[in-house]
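Below: the structure, in structure tokens.
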């Protein structure tokens, strides 16, 4: 049941965004030569911060994420939040780091 398959098929899924499940669905998919267009409508009152997206094709997502199919989504404050200027006016740099260590489990280790 939990096997690697559909390696050339992909889609996107977000974490942290409050999206319509009809748009942010794991059930859409693009095969070789196909494309998907996502239209996300982010509320002006959405919580600001760094959120993320990643590939989510069941059977292929782990391999695709290890290959770099993920990234950051930045929601900036709309201005009406009570966030100190020392935070909103500061320089920022987004760094996305992935560190996966794959170890085969055996009875010897």
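Numbering (this note's numbering), first residue to last: 427 to 535.
Here a beta-carbon is modelled for each residue, glycine too, at the ideal position from N, C-alpha and C.
Quick caveat: nothing in here was measured; it's all calculated off a predicted structure.
With 16 other Cβ atoms within 10 Å as the buried cut-off, status of residue i
| i | result |
| --- | --- |
| residue 496 | buried |
| residue 514 | exposed |
| residue 488 | exposed |
Residue i versus residue j: straight-line alpha-carbon distance, rounded
| i | j | result |
| --- | --- | --- |
| residue 490 | residue 438 | 11 Å |
| residue 503 | residue 510 | 11 Å |
| residue 469 | residue 520 | 22 Å |
| residue 434 | residue 458 | 6 Å |
| residue 445 | residue 492 | 25 Å |
Contacts around residue i, its chain only, beta-carbon distance under 8 Å, and the 5 residues preceding and following it disregarded
| i | result |
| --- | --- |
| residue 462 | 437, 438, 454, 455, 456 |
| residue 466 | 440, 443, 445, 449, 450 |
Cβ neighbours of residue i in the same chain (closer than 7 Å, five flanking residues each side left out)
| i | result |
| --- | --- |
| residue 464 | 438, 449 |
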